[in-house]
Each structure stands twice: as C-alpha cells, then as structure tokens.
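Engineer: Note that this note's numbering numbers the sequence shown so that position 126 is 553, with each residue one more than the last.
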Amino acid sequence: MLVKRIFRLQYWISCVVCFTNLSIGSAYSQTTDMIQNTPTDIVTDFDTTASENILPTGNDDSVLNRCWTPKQLQNTAKERVIHLQKPADHSPPQGSSNVDLDNTHNRAFSTSIAARSIRSVIPAHGEKIIALTFDLCEQADEIAGYDGAIVDLLRAEKVHATFYAGGKWMRSHPERTLQLMADPLFEVGNHAWTHGNLRVLRGAELNAQILWPQIQYQTLKQQLITRSCAASIPDSIPDQPTTFRFPYGTCDAVALQEVAAAGLYPVQWDIVTGDPSKQQTAQHIIDTVLKQIHPGAIIIAHGNGRGWHTHEALKTLIPALKKQGYQFVTVTRLLQSGQHVTAVNCYETKPNDNLRYDKLFGRGTE
Ligand SMILES: [Zn+2]
C-alpha cells in the first residue's frame, strides 16, 4: 500500500513533468514495443446520429433551481478535501445486480464509433468554440473531493463545461452529481468506475470500469426523476453519458474498442493545465492555455480536489478567452460541430509519453 501511495504521489507530481514534455525519452525507449501502431493524428467524421445535447441556458424555472436552493448549490470548503477509504471499495454500483459484464448484448448501443481517442475538433465553420473539461477521479481507496468553487464560477460566468466523473465518485457524491446533470450548462461524462488503468485491465474488469459508471448515472437520473421538483425533467439531460475519458490518459486498441462498443466516444484532450501538480501556478495555467488555445480545443483540468490553482486561473482565463471571442461548449456539442482529430492511442501531450504509468500503477484501481 505504501509503495502504491508513493507511486500515486509520483504520478501527481510527474504530471507537471509529462505535461511540460520533459524526461519522457526513457519511457519511449523502454516501451516502444508495446505500441503496434504509431499514433498519428487523423481526422474522422462525427456520427451525427448521436444524441443531441445542445443545451439551453439555465433560467429561474429550471430543474436545477426548482430542486435546490442557491445555498444548497453553493460550494463548501470541506467538500474539496480528499479522504482515504479503508478498506478499498470495489463494490458495484447501485442497480447493477443483473448486469453480465461479459455479455456484449447488454451493451447500451450498437454503434459505429471509431476506436480512436479524440483529442480535439476542427469546427466545420471555423467557430471559435472550445470545451472545458474537469475530471472527477475517484479510486477504490479514497473518497475524492468536489471543488465547488470551480462550479460556482462557471455558473456565475454562464460557461458550459463537461465533468468527467468516475462512477464511484457519482455514487459518493450523489447530490452534486445530480446538480451537475440537471444544470443546462453542464454535462457529465464517464471517467471509469475506480480510475482503473484500461490499458492493463481486461475482460470483465475492463468492462466494469466502462459500464458501471453508466449504470450509476442511470440510477441517479432515475432518482432525480422521482422528485416532484423534477417532474418535467428536460429532454436535454441524457439518459447516459455519451463520452468517456480514460484515467491516467492511458488506453490501447482493446480498451478503445470496448469503449466504442459501449456507445461512448473516447475523448481525451489537447491542452493540459497540469493542475494536479502542487507546484503548478495559476499564472502558468493561464499562460499555457492562452498560448495553445484554438477553435475546437479540449482543455483538461480537475474538479475533485486535485486541481491546484484551477479556480484562481479560471477567474482570469474565462474573461480572457471570452474577450478573444471564444465560446464555451460541452464536449458533446463540440463533437457535433465538425471533424474529430483522433489518435490510435491515448497520451498526454505526445504519443507514448505516459506508457510508464503501466509500471507505476499496474491495474490502477487497487
Ligand atoms: Zn482521472
């Protein structure tokens, strides 16, 4: 356990290294045999049959405002804190008793989604639209946080965003998950069940990481529907997440295929804030994003208490990006806007730059 803790610490520390493209040469040379194809970016078309999720701006009569008071929506400092959980919790989601993870017929969809990771989008009409994304990672041996100051800021600025929630995070934060689901500004994507390393996990364990969050999301949405305040729940709240983000930024052909087969678009990023590093500064996040921003960009940050100076940076970034004419949209909306820039594998900033995580974390979910 101690070794794993150290490795995890190394991971969060190493984020600043990998995010700034340093010291990745040895990882390349040691593990190039693991890659069968050179992950060269290509462009593919979007499946326009995917569910629509162009969300209206919130109003006073929204489900969000009918189900929660402003005080209930507001962040609290204590929710940002991450707690260890012992023993580790590998139990399945609520409402999962009849799911056979080896039976592909139980998959939600039959799709033609490409088994490639999406890194950004080229908007068809050159729209200056971008997607802010916040990962809500939670492993088996922790209860991760809720960085509500970020959410409050996004609401105040009327900024659309996508939250990639771990399924176990949804289960441990049911009310916050429902608020994110019900908010017309936001959407909730799938960030695996307990942050497993999907390049290593196989079979039922791999499928559980992908499918259990779908089940947890459905269960929570059903709970919301039963509330009188949500009697006329808007159609814009999807029945299930439609996009997936790989933990540790790691995947391979098998994992990509399983995610696509589950009807989920594998969505990574092309601009990295590096906010998991405590050494990161707000100014560096601001500079990094402003230097790399472009129409169709997907930006990764963290909203689970592991994002450092994220809120502080956003207070400057959001007005600065608006001033440049950028509009913030959900990932689903971005995917609908044009062609996808994709890769055959997953990585942080350059192909193969995260292969060492297989050795550091193994299955990633103990
Ligand atoms: Zn994560």
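Here a beta-carbon is modelled for each residue, glycine too, at the ideal position from N, C-alpha and C.
Alpha carbons only, please: which of Asn-492, Pro-520, Ile-570, Leu-559 is nearest the one belonging to Glu-506?
Structural biologist: Stepping through the sequence shown from its first residue, residue 506 is reached at position 79. Looking at the Cα atoms, Ile-570 is the closest of the given residues.
Engineer: Taking C-beta to C-beta, are Ile-698 and Ile-720 nearer than 8 Å?
Structural biologist: To locate residue 698, count along the sequence shown from 1; it is residue 271. To locate residue 720, count along the sequence shown from 1; it is residue 293. Yes, Cβ-Cβ distance for Ile-698 and Ile-720 is below 8 Å.
Engineer: Counting pairs of beta carbons, one from the stretch 603-610 and one from the stretch 619-633, are three or more of them closer than 8 Å?
Structural biologist: The answer is no - the stretch 619-633 does not touch the stretch 603-610, with fewer than three Cβ pairs under 8 Å.
Engineer: Does ligand 1 have even one heavy atom less than 7 Å from the beta-carbon of Asp-562?
Structural biologist: Within the sequence shown, the letter at position 135 stands for residue 562. Within the cutoff, so yes.
Engineer: Mapping the DSSP letters down to three states, classify Gln-719 as helix, strand or coil.
Structural biologist: The sequence position of residue 719 within the sequence shown is 292, counting from 1. Reduced to three states, the DSSP call for Gln-719 is helix.
Engineer: Could you tell me the distance, in whole angstroms, from the CA atom of Gly-789 to the CA atom of Asn-624?
Structural biologist: Start at 1 with the first residue of the sequence shown, and residue 789 comes out as number 362. Start at 1 with the first residue of the sequence shown, and residue 624 comes out as number 197. Distance between the alpha carbons of Gly-789 and Asn-624: 7 Å.
Engineer: Would the beta-carbon of His-618 be found less than 7 Å away from any heavy atom of ligand 1?
Structural biologist: One-based indexing of the sequence shown puts residue 618 at position 191. His-618: yes, Cβ under 7 Å from ligand 1.
Engineer: Expressed to the nearest angstrom, what Euclidean distance is found between the alpha-carbon atoms of Phe-561 and Pro-668?
Structural biologist: The count along the sequence shown starts at 1 and reaches residue 561 at position 134. The count along the sequence shown starts at 1 and reaches residue 668 at position 241. Straight-line Cα distance between these residues: approximately 15 Å.
Engineer: Examine ligand 1 and report whether any of its heavy atoms sits within less than 7 Å of the Cβ of His-552.
Structural biologist: For this step, residue 552 is matched to residue 125 along the sequence shown. It does not: the Cβ of His-552 is nowhere closer than 7 Å to a heavy atom of ligand 1.
Engineer: Mark Ile-652 as exposed unless 16 or more other C-beta atoms lie within 10 angstroms of its C-beta, in which case mark it buried.
Structural biologist: As a working mapping, residue 652 is identified with position 225 in the sequence shown. Classification of Ile-652: exposed, given that the 10 Å Cβ count is below 16.
Engineer: What does the alpha-carbon distance come out to for the pair Gln-457 and Lys-786?
Structural biologist: Position 30 of the sequence shown, counted from the start, is the residue given in the question as residue 457. Position 359 of the sequence shown, counted from the start, is the residue given in the question as residue 786. Residue placement at Gln-457 is poorly supported in this model, since its pLDDT is 28, which falls under 50; the coordinates still yield a value, given next. Cα to Cα, the separation comes out at about 11 Å.
Engineer: Tell me which residues share the same chain as Leu-500 and place their Cβ nearer than 7 Å to its Cβ, disregarding the 5 neighbours each side in the sequence.
Structural biologist: Here the question's residue 500 lines up with position 73 in the sequence shown. These residues qualify, in order along the chain: Gln-606.
Engineer: For ligand 1, any of its heavy atoms closer than 7 Å to the Cβ of Pro-668?
Structural biologist: The sequence position of residue 668 within the sequence shown is 241, counting from 1. Outside the cutoff, so no.
Engineer: So, helix, strand or coil for Tyr-573, using DSSP?
Structural biologist: In the sequence shown, counting from the first residue as 1, residue 573 sits at position 146. In the structure shown, Tyr-573 sits in coil (DSSP, three-state: anything other than H, G, I, E or B).
Engineer: Please tell me whether Cys-564 and Gly-593 are closer than 8 Å, where the distance is taken between their beta carbons.
Structural biologist: Against the sequence shown, residue 564 aligns to sequence position 137. Against the sequence shown, residue 593 aligns to sequence position 166. The answer is yes: Cβ separation under 8 Å.
Engineer: Quick one: grab the DSSP three-state call for Asn-502.
Structural biologist: Taking the first residue of the sequence shown as position 1, residue 502 is located at position 75. It is coil, neither helix nor strand.
Engineer: Would Tyr-692 and Ile-577 qualify as a contact pair, given that the criterion is a beta-carbon distance under 8 Å?
Structural biologist: Sequence index remark: in the sequence shown, residue 692 carries index 265 (1-based). Sequence index remark: in the sequence shown, residue 577 carries index 150 (1-based). No, the pair does not count as a contact, with Cβ atoms beyond the cut-off.
Engineer: Have a look at Gln-566 and Gln-695 and give me their C-alpha separation to the nearest angstrom.
Structural biologist: Numbered from 1 along the sequence shown, position 139 holds the residue referred to as residue 566. Numbered from 1 along the sequence shown, position 268 holds the residue referred to as residue 695. Spanning the two alpha carbons is a distance of roughly 19 Å.
Engineer: If you draw a straight line from the alpha carbon of Ile-727 to that of Ile-660, how long is it in whole angstroms?
Structural biologist: Working through the sequence shown from its first residue, we reach residue 727 at position 300. Working through the sequence shown from its first residue, we reach residue 660 at position 233. Each residue's alpha carbon lies about 29 Å from the other.
Engineer: Can you check whether the CB of Gly-765 is closer than 8 Å to the CB of Ala-588?
Structural biologist: By one-based count along the sequence shown, residue 588 stands at place 161. By one-based count along the sequence shown, residue 765 stands at place 338. Against a cut-off of 8 Å, the Cβ pair of Gly-765 and Ala-588 comes out as no contact.
Engineer: Once you ignore the five residues that flank Tyr-784 on each side, which residues in its own chain have a CB closer than 6 Å to its CB?
Structural biologist: In the sequence shown, the residue the question calls residue 784 occupies position 357. Hits under 6 Å: Tyr-675, Thr-677.
Engineer: Looking at Gly-575 and Asn-731, is the spacing between their C-beta atoms short of 8 Å?
Structural biologist: Residue 731 sits at position 304 when you count from the first residue of the sequence shown. Residue 575 sits at position 148 when you count from the first residue of the sequence shown. For Asn-731 and Gly-575, no; Cβs fall outside 8 Å.
Engineer: Report the residue from Asp-579, Ala-680, Lys-555, Ile-545 whose alpha carbon sits nearest the alpha carbon of Glu-739.
Structural biologist: Sequence index remark: in the sequence shown, residue 739 carries index 312 (1-based). Nearest of Asp-579, Ala-680, Lys-555, Ile-545 to Glu-739, Cα basis: Asp-579.
Engineer: Got a sec: does ligand 1 put a non-hydrogen atom nearer than 7 Å to the Cβ of His-807?
Structural biologist: Shown here, the chain extends from 428 to 793; a query on residue 807 therefore has no answer.
Engineer: Just to confirm, does Pro-611 get its C-beta within under 7 Å of one of the non-hydrogen atoms of ligand 1?
Structural biologist: Looking up residue 611 in the sequence shown gives position 184. No; taking the cut-off as 7 Å, the Cβ of Pro-611 has no heavy atom of ligand 1 nearer than that.
Engineer: Can you tell me which of the three DSSP states Leu-787 falls into?
Structural biologist: Along the sequence shown, one-based indexing puts residue 787 at 360. In the structure shown, Leu-787 sits in a helix (DSSP, three-state: H, G or I).
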